[in-house]
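Contents: one structure, followed by commentary.
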Amino acid sequence: MPKKIIKRFVAGAVCPRCSGMDKIKSWNDDEGQHRECVSCGYTDVMNDQVAKEEVETRVNQPRLGEKPLSHEDEVQVVQLIDPGLHRKDH
């Protein structure tokens, strides 16, 4: 008897083709995790065996020679100390 496949809708998922929200259903089988848009018919299989590279965007690329934007903070190392360690009243 073949294994019963249960298809579930993914709350908040947006279709990559039609941008319809809450139209994606998902299920797993031997090939991997499938997803399908019930609005436009878009389908794909997400195989965990294949490592995908991050898509290059303006957000994740370095801006050589440019100053940080106003919403970007400079990273600083913070050292936590025990306040009771240096007390003189002990």
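Residue numbers (the UniProt record's numbering): 1 to 90. For every residue, glycine included, the Cβ atom is placed at its ideal position computed from N, Cα and C. Only a predicted model underlies this, so the values are computations on that prediction, with no experimental measurement involved.
Between the CA atoms of P2 and N60 - distance to the nearest angstrom: 45 Å
Integer Cβ distance of S26 from V45, believed to fall under 8 Å: Actually they do not touch by this definition, with Cβ atoms about 11 Å apart.
Secondary structure of S70, DSSP reduced to three states: coil
Between the CA atoms of V55 and C37 - distance to the nearest angstrom: 22 Å
K4 versus R35: straight-line alpha-carbon distance, rounded: 17 Å
Rounded Cβ spacing between A13 and I24 (contact assumed at less than 8 Å): 4 Å
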